Structures are given as C-alpha cells and as structure tokens.
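S.K.:
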Amino acid sequence: MNTNTTGMDSATLNKIRSRRSHHKSRLGCKNCKRRRVKCDEKKPSCGNCVNHSIECDFSVSTPTSPSPSPPAASSAHQRYRFRQSKYQTLASPAPNEAQRPGGNSVAVQCDLSANIIAMGGISFADLQLFHHYLISTYRTLTDEASDPYDVWAIHIPQWGIAFPSILHLMLALSALHLGHEKPELRHQYVMQANDHFTFGIRSVTTVLSQLNSENCQLIYMSAVMICLVYFGHGPRPGEYLVFSSQGQAEWLVLMRGVRSILATNHEKIFSGVLTPQTDNSIQSVSPELQGELRQHHDRIVELKTFIEMQTAGPEKELYLSAVGSLPDTFDETYTMRSAGKDGVCLLPMVIGWIYRLPEPFVVLLEKKDPFALVILAHWSILLTYMTSSWLFVGWDQHVIQGIRASLEEEFYNWISWLVVARERRPL
Numbered sequence: 001m002n003t004n005t006t007g008m009d010s011a012t013l014n015k016i017r018s019r020r021s022h023h024k025s026r027l028g029c030k031n032c033k034r035r036r037v038k039c040d041e042k043k044p045s046c047g048n049c050v051n052h053s054i055e056c057d058f059s060v061s062t063p064t065s066p067s068p069s070p071p072a073a074s075s076a077h078q079r080y081r082f083r084q085s086k087y088q089t090l091a092s093p094a095p096n097e098a099q100r101p102g103g104n105s106v107a108v109q110c111d112l113s114a115n116i117i118a119m120g121g122i123s124f125a126d127l128q129l130f131h132h133y134l135i136s137t138y139r140t141l142t143d144e145a146s147d148p149y150d151v152w153a154i155h156i157p158q159w160g161i162a163f164p165s166i167l168h169l170m171l172a173l174s175a176l177h178l179g180h181e182k183p184e185l186r187h188q189y190v191m192q193a194n195d196h197f198t199f200g201i202r203s204v205t206t207v208l209s210q211l212n213s214e215n216c217q218l219i220y221m222s223a224v225m226i227c228l229v230y231f232g233h234g235p236r237p238g239e240y241l242v243f244s245s246q247g248q249a250e251w252l253v254l255m256r257g258v259r260s261i262l263a264t265n266h267e268k269i270f271s272g273v274l275t276p277q278t279d280n281s282i283q284s285v286s287p288e289l290q291g292e293l294r295q296h297h298d299r300i301v302e303l304k305t306f307i308e309m310q311t312a313g314p315e316k317e318l319y320l321s322a323v324g325s326l327p328d329t330f331d332e333t334y335t336m337r338s339a340g341k342d343g344v345c346l347l348p349m350v351i352g353w354i355y356r357l358p359e360p361f362v363v364l365l366e367k368k369d370p371f372a373l374v375i376l377a378h379w380s381i382l383l384t385y386m387t388s389s390w391l392f393v394g395w396d397q398h399v400i401q402g403i404r405a406s407l408e409e410e411f412y413n414w415i416s417w418l419v420v421a422r423e424r425r426p427l
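Under UniProt numbering, think of the first position of the sequence shown as 1, with each following residue one higher.
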C-alpha cells in the first residue's frame, strides 16, 4: 500500500487532517460515562445499555405517562434479564483495552458494579451460582442410584424457573457449596446464600396457605431444601437440631414444617419423579461392619436396661419407645454403608429417626430431660457417617457437645464412649 502523500493536493490534505465535528453532551447515562463511551441518550434506555442487556438509569429516572398496566406475566413465562450484582466489584479493563479500536472486553462492557438493580432480573453473580449448581452442587445432594429421575440435576432447575422459592433455595445451596470450596471467599458467598435463603423462605411462606395437590411437590421440595440450607450453613452456637440453649430449636421448626406438608398430601407428593426408589442391590450388612454394628446394639440394650431400672411414669414408655426404634435405624444405616453409601445418602435413615419421634418425646428433648438427651446422644453417632458431605461437616461434634453441656455429671458415663468413638473414627 502506497502511503506517499506528495501527489495529493493541499485541499485533500487539509480535509484529512481536520477534526470531525461532533456534538458534545454531558447528559449521557451513568453506565456510558463509567465506560467512557458515547451515549446516544435514547430513552427509556440508551442503545449501549440495550445492546449489553444492562439496566439504564434513564429507565429509572425518566418519568412515564400514565398508561394502562399490561397483565402480569405468569411466573412460568416471566421474562428474565441480566441485572447488575451488588456482590461483584468493577473489573478494570486491560491497560490498552479501552484505547484499542474494537476492544469489547467483558470487563469493560458488563460494568458489574453499578448500584441500579432491576427487580426480577438475574445478576451475573446469580448466573454464576446457577451454573455452579448445574455442574457441581447437584452432585453433592444425591447419587445416581438414589435419584434415577434426575430430580436434583434436571427437575429442580426446571421447577425453579416457575417456582421462585426453589430457585432462591437452589442458589443458596450453590452459594454455600462455593463457600465451602473457596474458604477465602466464604464470607461473600454466605452473604449471597443468606439473601437467597430469605427470599426463598418468604416465597414458600406466601404459598403455604395455597397448598394443594397441584403445588404440593414443589412446596415439599422447597421445605426439604430449606432444611439442607440450614445444615449447609454449619453448626450454630446454642442450636442442636432438636433442642437449643434457649427457646425452640430452629431446625426443629423446619422439620415440623415438612411434617405438616406431608400430613395432607403424602401420596401426591411421593408420586411421579418423587416416587421412592428401592435399591435391590443393597441386601445386608457387610462382614467388615457387622462387629461395629453389634457393639452399637449392645450399648442400646444396656441403655434400655438402665432406663427400665431408673425411670417410671408416662415418660418411661416414651423413653423405651425411642430406644426401641434405634436398632432398626442403625441396621438401615449400616446396610447403606455396606454398599458404599455415606454422606447425604444416609439422610433418609438418620434424619428419619428424628422425623418419626412422637411429639411428647420431642418436648422432653426441648426441656433437656437427661434420659431423653442420652438417647439422642446414642443416635447422634450416626451423624458422623454423614460428615463426608460438606452439608454436615461439624454437626456430629456440635450436637454431642451440646448434649454434654446440658447433662449433669452423673450421666456423663453414658455418653463418654461417644466422644472416644468420634475421636478414633477415620473420616
């Protein structure tokens, strides 16, 4: 290409050298000013903001004339859009990015630090959580054998689009999982999880009064996810699942909510993709675990004898009923462990024991009745086998410490072996 300009006349050179005239304005939107790009000042949204699917402050500040409101879109067909996140800081462009013609870096164009948040939108932070759930978190909530219909992988995300509580709780679980995987960012992810958990609780509370055969599965799964989020947050001081240092235990309230939902819609809930599945490959306890299981049975027999000798009145029947249900729970748990199942796979067996406790016995636990607490301590050893899942890390130690702190010294001998067992058990 010939770059010699000697053959050009002076008029041509002057035309090339002259600056192109342009209209100066300081009335552009804040997003364009922040990115230092020209704003076309179109309202209610400028062209740059429309192209990049971000909220333009013109759409917030521009008054609109009264007009009939369009009918609200159904939740199933709501149009989602990206919104800016309050959790992400503005990423600076590369040194030469802003000056390079045609430089369209995500860091420059997305501008994630803006304060304007579009209600009902999807932030980039939420998109990250949604993506992480789809590629990682759902795998930690089940296994293939226990979930042949891919409830957690496919149906939960689909239901979340139409049912806000499931979407928020799904994102809360994803945020807590990321916080577990990235401890240096845990505080940020916990804040996100707390926000989504709050919205999820509010949403499901709103529709509880409308519980029916059409939405009972969605409401039930929301309640289950609320319980999982509670576990995923980690142990709370003074809260020990079924009793607390003062007042009613938080997790117990959630469990009672699940029970009330199931009370009137049990058959409908456990149908379709939520139909319980039986793994016929799991038959019995392996020889390697039989000795350990036998030790648990022996201790339960000793505890039963102790209760028969030391108690009387109506409470005695409650104690014996709770103790009598422990062997089956241990058998089911050890059968699953023999098949290589642990973590969240043991949830139905382990938490199922708590779920089936009669309300009068739960009241004894809330009152910190020593015999009821000793029985609970014998059950709590099963939590140890669930700590391979990030959801349950630390809960076994936390519960037994709470029990010990609530007991008088004369009962310490009945739980001392539990402390030793936890210290020796490889996880």
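The beta-carbon is built from N, C-alpha and C at its ideal position, and this holds for glycine as well.
All values reported here derive from a predicted model rather than from experimental measurement.
1. Comparing C-alpha positions only, which one of F130, K341, Y412 sits nearest to Q283?
2. Could you have a look at E239 and say whether DSSP puts it in helix, strand or coil?
3. For T333, which residues from the same chain have a beta carbon less than 8 angstroms from its beta carbon, with the 5 sequence-adjacent residues on both sides left out?
4. Taking the C-alpha atoms as reference points, what is the distance between R79 and I161?
5. Between the beta-carbon of W395 and the beta-carbon of F231, is there less than 8 angstroms?
6. If you count every other CB in all the chains shown that lies within 10 Å of the CB of M309, and 16 or more means buried, which is it?
7. Please specify which runs of the alpha helix (DSSP H), each continuous and at least 4 residues long, are wholly inside the region 181-215, giving them in chain order.
8. Taking the alpha-carbon of T329 as reference, which of H378, S286, G291, K367 has the nearest alpha-carbon?
9. Considering only residues of the same chain and omitting the five flanking positions on each side of T62, which have a CB-CB separation below 6 angstroms?
10. I'd like to know if the region 191-207 and the region 136-151 are in contact, where contact means that at least 3 CB-CB pairs between them fall below 8 angstroms.
11. Between the alpha carbons of S136 and E408, how many angstroms are there, rounded?
12. Quick check: what's the CA-CA separation for residue 432 versus N215?
13. For V362 versus V242, is the C-beta distance shorter than 8 angstroms?
14. Note down the Cα distance separating V204 from A172, rounded to an integer number of angstroms.
15. Which residue or residues does DSSP assign as beta-bridge partners of S244?
16. I need the DSSP call for H296, collapsed to helix, strand or coil.
17. DSSP on I282, reduced to helix/strand/coil?
18. Here's a check: name, in chain order, each residue in its chain whose Cβ is nearer than 7 angstroms to the Cβ of S406, leaving out the five neighbours to either side.
19. In the structure shown, what three-state DSSP assignment does D328 receive?
20. What's the gap between the Cα of L134 and the Cα of L218?
21. On the DSSP letters alone, give me the boundaries of the alpha helix (DSSP H) that residue 431 sits inside.
22. I'd like to check one pair, I307 with residue 481: are the Cβ atoms closer than 8 angstroms?
23. In chain order, what residues of the same chain have a beta carbon less than 8 angstroms from the beta carbon of Q248, not counting five sequence neighbours either side?
24. Considering only the alpha carbon of each residue, which of S388, Q397, T387, V151 lies closest to S222?
25. Enumerate in chain order the residues of its own chain whose CB-to-CB distance from L318 is below 6 angstroms, with the five nearest sequence positions on each side excluded.
26. Helix, strand or coil: which one does DSSP assign to I400?
27. Quick one: is the Cβ of Q128 within less than 7 angstroms of any heavy atom of the ligand PLP?
28. With H, G and I counted as helix, E and B as strand and the rest as coil, what does DSSP make of D57?
29. Looking at G234: is its Cβ nearer than 8 angstroms to the Cβ of Q246?
30. Between the Cα of L208 and the Cα atoms of L167, T140, I261, which residue gives the shortest distance?
31. What is the DSSP secondary structure of L357, counted as helix, strand or coil?
32. Quick one: grab the DSSP three-state call for C32.
33. Relative to the C-alpha of V224, which residue among F199, R202, M255 is closest?
34. Could you check the C-alpha separation between Q158 and L357 for me, to the nearest Å?
35. If you check the beta carbons only, do I122 and L169 fall under 8 angstroms apart?
M.R.: Taking the definition as stated:
1. In terms of CA proximity to Q283, K341 leads the group F130, K341, Y412.
2. Shown here, E239 sits in a strand according to DSSP, grouped into three states.
3. So the qualifying residues of the chain are L346, M349, V350, L382, Y385.
4. Confidence in R79 is poor, its pLDDT being 40 and thus under 50, which makes the residue's placement unreliable; the coordinate value appears in the next sentence. Using only the alpha carbons, I get a separation of about 10 angstroms.
5. With respect to F231, W395 sits close: the two C-beta atoms are nearer than 8 angstroms.
6. Exposed: under 16 other Cβ atoms inside 10 Å.
7. The DSSP assignment places 186-208 as complete runs of the alpha helix (DSSP H) inside the region 181-215, in order along the chain (cut-off: 4 residues).
8. In terms of Cα proximity to T329, the closest of H378, S286, G291, K367 is H378.
9. Any reading at T62 must be qualified, since the residue scores a pLDDT of 43, below 50, and its modelled position is unreliable; the value itself is stated next. So the qualifying residues of the chain are K43, P44.
10. Segments in contact, no.
11. In this structure, the CA atom of S136 is about 45 angstroms from the CA atom of E408.
12. Absent from the model: residue 432. The displayed extent of the chain is 1 to 427, so no value can be given.
13. Cβ atoms of V362 and V242: closer than 8 angstroms.
14. Answer to the nearest angstrom: the Cα atoms are 14 angstroms apart.
15. Beta-bridge pairing links S244 to E239.
16. In the displayed model, H296 falls within a helix according to three-state DSSP.
17. I282 falls in the coil class under three-state DSSP.
18. Contacts found: K368, L373.
19. Three-state result, D328: helix.
20. Cα to Cα, L134 sits roughly 19 angstroms from L218.
21. Since the displayed the chain opens at 1 and closes at 427, residue 431 lies outside it and no answer follows.
22. As displayed, the chain neither begins before 1 nor continues past 427, which places residue 481 out of reach and without an answer.
23. Counting only Cβ-Cβ distances below 8 angstroms, and skipping sequence neighbours, we find E366.
24. Nearest to S222 by C-alpha distance, out of S388, Q397, T387, V151, is V151.
25. Within the same chain, L318 has close Cβ partners P360, F361.
26. In the three-state DSSP reduction, I400 falls in the helix class (H, G or I).
27. In terms of ligand content, the structure shown is empty, and the ligand PLP therefore cannot be addressed.
28. Residue state, collapsed to three classes: helix.
29. No.
30. Looking at the Cα atoms, I261 is the closest of the given residues.
31. In the structure shown, L357 sits in coil (DSSP, three-state: anything other than H, G, I, E or B).
32. Helix.
33. Checked all of F199, R202, M255; the closest Cα to V224 is M255.
34. Between the C-alpha atoms of Q158 and L357 there is a straight-line separation of about 34 angstroms.
35. Judged by beta-carbon spacing, L169 lies beyond the 8 angstroms limit of I122, meaning their Cβ atoms are not closer than that value.
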